[in-house]
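Undergrad: Residues 8 to 341 in our numbering are what the sequence shown spells out, letter by letter.
Note that CB positions come from ideal geometry on N, CA and C, so glycine has one too.
Take this structure first; my questions come after.
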Amino acid sequence: MILVTGGLGFIGSHTCTRLHESGYDYVIVDNLYNSDISVLDAIEKTTGARPKFYNADVCDPSALEVIFRENEIEGIIHFAGYKAVGESVALPLKYYRNNINSTLALCEAMDKFGAQSIVFSSSATVYGEKNPVPYKEDMPADSAANPYGRTKIVCENILRDYQAANPDKKVTLLRYFNPIGAHPGGLLGEDPAGIPDNLFPYILRVAAGKLERLNVFGNDYDTPDGTGVRDYIHIMDLARAHTAALEHLKKSGGFNIYNVGTGKGTSVLEIVKAMSETIGRPLEYVFAPRRPGDIATSYANVDKAREVLGFTAEYGIEKMCEDGWNYARKHFNL
Ligand code: NAD
Ligand code: UD1
C-alpha cells in the first residue's frame, strides 16, 4: 500500500489516477488546505474506484499513527506542502513549519511502523540562479531564491541524512520542472484559488474569458524571443514518473535524485502561440516588467531519469494546451 500525502492537490490527484492504472493500492491523506473534497469524486469518476481518504494534517504524528495502524504502508509519495513562492517570502515560518514538519513526521512514522520507501516532491528551484542550464542532478543545489525553495533544500537534506543513517530505507527525490496541462478526461486539472501566480493557469483563465489578458513578465531576457524559457512537462507525464520511480524502488535502494522534465525549453510567447492555436483565436497579452526573482531560462538534463528509471516524457506543448483547455471548458462550464 502506498500512502499519497497531498493526494487531492494538482500533482497528487493526477498521480493517483496513474497509480490506479498501474495496479497500485493507495490511500490518500490531505487536510484540504489547498484542495477540495470534490477532487476525490473526480478521481473516482476518472478511475472508477473511490480511494480511501483521510482528512488529516501530515504534520500531526497522532493522525499518521492512525493511518499507519489501519493500513499496511510500504511506501510514501510525499506531495503535501505549501508552494506559493510569494507567500513564502511574506510568511516564511508558515512554510518552514509545514514543509519541514510534514517531512520529519513521515520519516518518524517510517521508523516506527517500518515503511520502506519515500518519494519526495522536490523542485527545479533548488538549482538556484548560478548553475548553467541544462540542470543536472549532481550540480550544487543549495541556493534557492526564496523561502519556499529553501524548504525544499532543507527537506532534501533531511531525507539524505535520514537515508544515510538508515541504509535499509529508500529515498527518491524527484525534482519537478514546470508541470502543466490536465488529465485528458477533463475532470482533474489545476485551478488555484484567487488570481493565479503561475503562467499556465493564468493563460487558461484568459482563454476562458475570466481574466482580460496575460501579462508577459519581461521581453528583454537573453532568450531567442526575449521572454522566459521553462521546461514544461505534461502533468500525466509527471504522474508517470512517480510510478517509474516506484517500480525502480522495487529492485533498488539507497538515496537517489532525478530531474523530471522534458529536457526542452519553451518560451512564454511560444506557449501563448500554442494556446492561441488550441482555442482558435489569439490569446490577449501585453508585455509587463520582469517579475522579481525570475530567471531567464530553466530546463532539465533528463539523461538520468531516462537511463535509470526508463522514464521519458511523451507529450508536447500542443497536448498540454489541448488537455488544459479541455479541463478549463468543463470546469468553467464553457
Ligand atoms: P497543491 O497545493 O495542489 O497540492 C498539495 C496538497 O497538499 C494540497 O491538496 C494541500 O491541501 C495538501 N497539504 C498541504 N499541507 C498539508 C498538510 N500539512 N497535511 C495534509 N495535506 C497537506 O500542490 P501541487 O502543485 O500538487 O504540488 C505538490 C508538491 O509538489 C508540493 O510539495 C510542491 O511544492 C511540489 N512541486 C510543485 C510544483 C508545481 O509546479 N506545481 C513544482 C515543483 C514542486
Ligand atoms: C514556478 C515556481 C518555482 C517552481 C517552478 C517549477 C514561482 C515564482 N516559481 O516557477 O518555485 O520551482 O514553478 O514548477 O511560482 N509568467 C508570465 N506571466 C504570468 C506568469 C508567469 O509571463 O502571469 C512567466 C514567468 O516570468 C516565467 C514563466 O512564465 O518565465 C513561467 O512562470 P511560472 O509558471 O510562474 O513558473 P516558474 O516561475 O518557472
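Hey, Leu306 and Gly268: beta-carbon distance below 8 Å or not?
TA: Within the sequence shown, residue 306 is the residue found at index 299, counting from 1. Within the sequence shown, residue 268 is the residue found at index 261, counting from 1. It is Tyr, not Leu, that sits at residue 306 in the sequence shown. Going by C-beta atoms, Tyr306 is nearer than 8 Å to Gly268.
Undergrad: Assign Tyr40 to buried or exposed, taking buried as 16 or more other Cβ atoms, counted over all protein chains shown, within 10 Å of its Cβ.
TA: For the purposes of this step, residue 40 is taken as residue 33 along the sequence shown, with counting starting at 1. Exposed: under 16 other Cβ atoms inside 10 Å.
Undergrad: Put Lys143 into one of helix, strand or coil per three-state DSSP.
TA: Within the sequence shown, the letter at position 136 stands for residue 143. Here Lys143 sits in coil by DSSP.
Undergrad: Roughly how many angstroms lie between the CA atoms of Ile286 and Trp332, to the nearest whole one?
TA: Within the sequence shown, residue 286 is the residue found at index 279, counting from 1. Within the sequence shown, residue 332 is the residue found at index 325, counting from 1. In a straight line, the C-alpha of Ile286 is about 8 Å away from that of Trp332.
Undergrad: Between Lys59 and the rest of its own chain, which residues show a CB-CB distance below 6 Å, the 5 nearest in sequence each way excluded?
TA: The residue you call residue 59 lines up with position 52 of the sequence shown. For Lys59, same chain residues with a beta-carbon under 6 Å away, outside a window of 5 residues either side, are Val34 in chain order.
Undergrad: At what residues does the alpha helix (DSSP H) containing Arg76 begin and finish?
TA: The residue labelled residue 76 in the question sits at position 69 within the sequence shown. Counting along the chain, the alpha helix (DSSP H) containing Arg76 begins and ends at Pro68 to Glu77.
Undergrad: Just to confirm, are Ile125 and Leu71 a CB contact at a threshold of 8 Å?
TA: One-based indexing of the sequence shown puts residue 125 at position 118. One-based indexing of the sequence shown puts residue 71 at position 64. Cβ atoms of Ile125 and Leu71: not closer than 8 Å.
Undergrad: Less than 8 Å between C-beta atoms, sequence neighbours within five positions excluded: which residues of the same chain meet that for Met146?
TA: Within the sequence shown, numbered from 1, the residue matching residue 146 stands at position 139. The answer, listed in chain order, is Tyr134 and Asn138.
Undergrad: On the DSSP bridge assignment, give the partners of Asn185 in chain order.
TA: Working through the sequence shown from its first residue, we reach residue 185 at position 178. According to DSSP, Asn185 bridges with Tyr239.
Undergrad: Thinking Ala214 and Asn266 are a contact (beta carbons under 8 Å), I'd like their distance in whole angstroms, please.
TA: Counted from its first residue, the sequence shown places residue 214 at position 207. Counted from its first residue, the sequence shown places residue 266 at position 259. Their Cβ separation, rounded to whole angstroms, is 29 Å, which puts Ala214 and Asn266 out of contact at 8 Å.
Undergrad: Just mark Ile74 as buried or exposed, buried being the case when its beta carbon has 16 or more other beta carbons within 10 Å.
TA: Walking along the sequence shown from the start, residue 74 turns up at place 67. By the Cβ neighbour-count rule, Ile74 is buried, with 16 or more other Cβ atoms within 10 Å of its own.
Undergrad: Reducing DSSP to helix, strand and coil, say where His190 ends up.
TA: Position 183 of the sequence shown, counted from the start, is the residue given in the question as residue 190. Three-state result, His190: coil.
Undergrad: Could you check what DSSP says for Gly331 in three-state terms: helix, strand or coil?
TA: Here residue 331 corresponds to residue number 324 of the sequence shown, with the count starting at 1. Reduced to three states, the DSSP call for Gly331 is helix.
Undergrad: Rounding to the nearest angstrom, what Cα-Cα distance links Arg220 and Leu290 in this structure?
TA: As a first step, residue 220 must be located in the sequence shown, where it is residue number 213. As a first step, residue 290 must be located in the sequence shown, where it is residue number 283. The straight-line gap from Cα to Cα measures roughly 7 Å.
Undergrad: Around the Cβ of Glu329, are there at least 16 other Cβ atoms within 10 angstroms (buried) or fewer (exposed)?
TA: Locating residue 329 in the sequence shown gives position 322, where the first residue counts as 1. Result: buried.
Undergrad: Would you mind stating whether Cys114 and Tyr169 have Cβ atoms separated by less than 8 Å?
TA: Locating residue 114 in the sequence shown gives position 107, counting from the first residue. Locating residue 169 in the sequence shown gives position 162, counting from the first residue. Taking 8 Å as the Cβ cut-off, Cys114 and Tyr169 qualify as a contacting pair.
Undergrad: Can you tell me which of Ser29, Gly193, Arg57 and Asn205 puts its alpha carbon nearest to the alpha carbon of Arg298?
TA: Reading the sequence shown from its first residue, position 291 is the one you call residue 298. The option with the nearest alpha carbon to Arg298 is Asn205.
Undergrad: With a threshold of 8 Å, are at least 3 pairs of Cβ atoms found where one atom belongs to the region 175 to 183 and the other to the region 224 to 239?
TA: no
Undergrad: DSSP beta-bridge partners for Phe127?
TA: Taking the sequence shown and counting its residues from 1, one reaches residue 127 at position 120. Within the DSSP secondary-structure output, Phe127 pairs in a beta bridge with His85 and Leu180.
Undergrad: Residues in the same chain with beta-carbon distance under 8 Å from Leu47, minus the five sequence neighbours each way, listed in chain order, please.
TA: Numbered from 1 along the sequence shown, position 40 holds the residue referred to as residue 47. Closer than 8 Å at Cβ, skipping near neighbours: Leu15, Ile35, Arg57, Pro58 and Phe60.
Undergrad: Within the chosen definition, does the region 95 to 108 reach the region 151 to 164 through at least 3 CB pairs nearer than 8 Å?
TA: yes
Undergrad: Quick check on Gly261: does DSSP put it in helix, strand or coil?
TA: As a working mapping, residue 261 is identified with position 254 in the sequence shown. It is a strand residue.
Undergrad: Leaving out five residues on either side along the sequence, give the residues of the same chain with a beta carbon under 7 Å from the beta carbon of Ile193.
TA: Counting from one through the sequence shown, the residue named residue 193 turns up at place 186. First, the residue type needs correcting, since residue 193 is Gly and not Ile in the sequence shown. Hits under 7 Å: Asn333, Tyr334 and Lys337.
Undergrad: Using the beta-carbon count (16 or more within 10 Å), is Val293 buried or exposed?
TA: Translated into positions along the sequence shown, residue 293 becomes position 286. By the 10 Å Cβ count, Val293 comes out exposed.
Undergrad: Please report the distance separating the alpha-carbon of Tyr89 from that of Ala246.
TA: Here residue 89 corresponds to residue number 82 of the sequence shown, with the count starting at 1. Here residue 246 corresponds to residue number 239 of the sequence shown, with the count starting at 1. The straight-line gap from Cα to Cα measures roughly 19 Å.
Undergrad: Applying the criterion that 16 or more other CB atoms from any shown protein chain within 10 Å of the CB defines a buried residue, is Arg182 buried or exposed?
TA: The count along the sequence shown starts at 1 and reaches residue 182 at position 175. Buried: at least 16 other Cβ atoms inside 10 Å.
Undergrad: Would you call the CB atoms of Ile9 and Gly82 closer than 8 Å?
TA: As a position in the sequence shown, residue 9 is number 2, starting the count at 1. As a position in the sequence shown, residue 82 is number 75, starting the count at 1. Yes, Cβ-Cβ distance for Ile9 and Gly82 is below 8 Å.
Undergrad: Suppose the cutoff is 6 Å on Cβ atoms and the five residues either side in sequence are ignored; what does the same chain contact list for Ala87 look like?
TA: Counting from 1 along the sequence shown, the entry for residue 87 is found at position 80. The answer, listed in chain order, is Thr12, Gly13, Val65 and Ser109.
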